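Worksheet for the structure shown next.
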Amino acid sequence: MRVIIADNYEAMSKKAAEIVAKTVMEKPDCVLGLATGSTPIGLYKELIRMHKQQGLDFSKVRTFNLDEYYGLPPEHPQSYYYFMYENLFKHINIPLQNVNVPSGLVKDVKAYCLHYEEMIKQAGGIDIQVLGIGGDGHIGFNEPGSSLGSRTRLKTLTEQTVKDNSRFFERIEDVPRFAITMGVGTIMEARKCLLLANGTKKANVVAQAIEGPVTAQVTASVLQLHPDCVAIVDQEAAAELKRKEYYTYVERMSQQFDKV
Ligand code: GLP
Numbered sequence: 008m009r010v011i012i013a014d015n016y017e018a019m020s021k022k023a024a025e026i027v028a029k030t031v032m033e034k035p036d037c038v039l040g041l042a043t044g045s046t047p048i049g050l051y052k053e054l055i056r057m058h059k060q061q062g063l064d065f066s067k068v069r070t071f072n073l074d075e076y077y078g079l080p081p082e083h084p085q086s087y088y089y090f091m092y093e094n095l096f097k098h099i100n101i102p103l104q105n106v107n108v109p110s111g112l113v114k115d116v117k118a119y120c121l122h123y124e125e126m127i128k129q130a131g132g133i134d135i136q137v138l139g140i141g142g143d144g145h146i147g148f149n150e151p152g153s154s155l156g157s158r159t160r161l162k163t164l165t166e167q168t169v170k171d172n173s174r175f176f177e178r179i180e181d182v183p184r185f186a187i188t189m190g191v192g193t194i195m196e197a198r199k200c201l202l203l204a205n206g207t208k209k210a211n212v213v214a215q216a217i218e219g220p221v222t223a224q225v226t227a228s229v230l231q232l233h234p235d236c237v238a239i240v241d242q243e244a245a246a247e248l249k250r251k252e253y254y255t256y257v258e259r260m261s262q263q264f265d266k267v
């Protein structure tokens, strides 16, 4: 795993945007895997800036989001569709028919999840998957204990996730208890993964994910098995990494190669 330690949230977001933009420029009809949460907001802001000021073109890009709360309609202010629309889609030139966020309203969940997987396959697979990390080490909504080979399905959220995400809702009782999420196996099929984390609160889980054993108890740790995963973390989130100096040294040394 390539580990980039950025000075702060802004630098983390800029570096992430540089990597995503490179994919979009090299392959204008690329497939982006997108994530919600507070972590990628800076990345989306930077992509919007690049679109507005530098003409970064999303007209042929297709997107698949990782997850959606089960039971929330797309127009619900806390739904992930709404989040994506407000924080990215409405500000760039992506046709809305090119964006895919799992539906939180489907009745036949199993059939729908198979369909979502099929749509990703039909699109040619995900070129780059953006990921945040939950307080319990989840990627998407793959809570501890999720099979490392899992596919898109309905998951029951842990108490910790419900509590962590309650900050966006009026009352904790309003937080949905279920979500539809791409599986760990689905995520691992993306050609490239981009894991982002910032802030002191993530320091311990980031160290577990990057340097701990690969375990279904911290689903982000499976990214250690991914052939092309870049983790970009800010100084605060990097605080508990044992090999922090080495990662910084590697990045400095690699500047002599053509690496974004
Ligand atoms: C949710 C999402 C994850 C996200 C996580 C962390 O649980 N399903 O995809 O990574 O929140 O959120 P934040 O970035 O706000 O810390």
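Under our numbering, think of the first position of the sequence shown as 8, with each following residue one higher.
For glycine and all other residues, C-beta sits at the position ideal for the given N, C-alpha and C.
Bear in mind that the values here come from a model prediction, so they are computed numbers and not experimental data.
Next item on the list: Out of Gln215, Phe176, Asn149, Arg178, point me to the one whose CA is closest to methionine 195's CA.
Entry: Asn149
Next item on the list: Quick one: residues in its chain with C-beta nearer than 6 Å to the C-beta of aspartate 171, no 5 flanking neighbours on either side, listed in chain order?
Entry: Gly142
Check: Taking a cut-off of 6 Å, which residues have a beta-carbon closer than that to any heavy atom of ligand 1, in chain order?
Finding: Ala42, Thr43, Gly44, Ser45, Thr46, Leu73, Asp74, Gly139, Ile140, Gly141, Gly147, Phe148, Thr168, Asn172
Next item on the list: Figure out for me which residue from Ile133, Tyr76, Tyr89 has the closest Cα to the Cα of valine 113.
Entry: Tyr76
Margin query: The alpha helix (DSSP H) that contains glutamine 129, what's its start and end?
Written below: 116 to 129
Notebook entry, point to check: What does a CB cutoff of less than 7 Å around glycine 40 pick up in its chain, not counting 5 residues either side in sequence?
Noted result: Phe71, Leu73, Ile133, Ile135, Gln136, Val137, Ala197
Next item on the list: Below 7 Å CB to CB, which residues in the same chain sit around tyrosine 88 once its five sequence neighbours on both sides are set aside?
Entry: Glu75, Pro81, Val108
Notebook entry, point to check: So, alanine 216 versus glycine 144, is the Cβ gap smaller than 7 Å?
Noted result: yes
Next item on the list: For my contact list, threonine 207 and alanine 246 are in at a C-beta cut-off of 8 Å; report their separation, rounded to the angstrom.
Entry: 7 Å
Next item on the list: Measure the alpha-carbon distance for glycine 127 versus serine 157 and round it to whole angstroms.
Entry: According to the sequence displayed, residue 127 carries isoleucine and not glycine. Their backbone Cα atoms lie some 15 Å apart in a straight line.
Checklist line | Euclidean distance between Cα positions of asparagine 100 and leucine 54 | finding: 11 Å
Margin query: Among the candidates Ala18, Lys34, Glu25, Ile146, whose CA atom is the shortest distance from the CA of alanine 186?
Written below: When each option's Cα is compared against that of alanine 186, the closest is Ile146.
Next item on the list: Give the single residue among Gln263, Ile26, Ile140, Lys249 whose Cα lies nearest to the Cα of valine 225.
Entry: Ile140
Item checked: Endpoints, the alpha helix (DSSP H) within which aspartate 181 is located -> Taken as a continuous stretch (DSSP letters only), aspartate 181 belongs to no alpha helix (DSSP H), as it is neither H nor E.
Notebook entry, point to check: What do you get for valine 257, buried or exposed, if any count of 16 or more other CB atoms within 10 angstroms of its CB means buried?
Noted result: exposed
Notebook entry, point to check: Got a sec, what are the start and stop residues for the beta strand (DSSP E) glutamate 75 sits in?
Noted result: 74 to 76
Next item on the list: Rounded to whole angstroms, what's the CA-CA distance from valine 68 to tyrosine 92? Just pull it up for me.
Entry: 15 Å
Note to self: On the criterion of 16 or more Cβ atoms from any shown chain inside 10 Å, does serine 154 qualify as buried, or is it exposed?
What the structure shows: exposed
Next item on the list: Give the DSSP-derived three-state secondary structure of glycine 49 in the structure shown.
Entry: helix
Item checked: Status (buried if at least 16 other CB within 10 Å, exposed otherwise) for arginine 160 -> buried
Margin query: Quick check for students: name the residue ranges of the beta strand (DSSP E) that lie wholly in the segment 213 to 246, counting only runs of 3 or more.
Written below: 236 to 241
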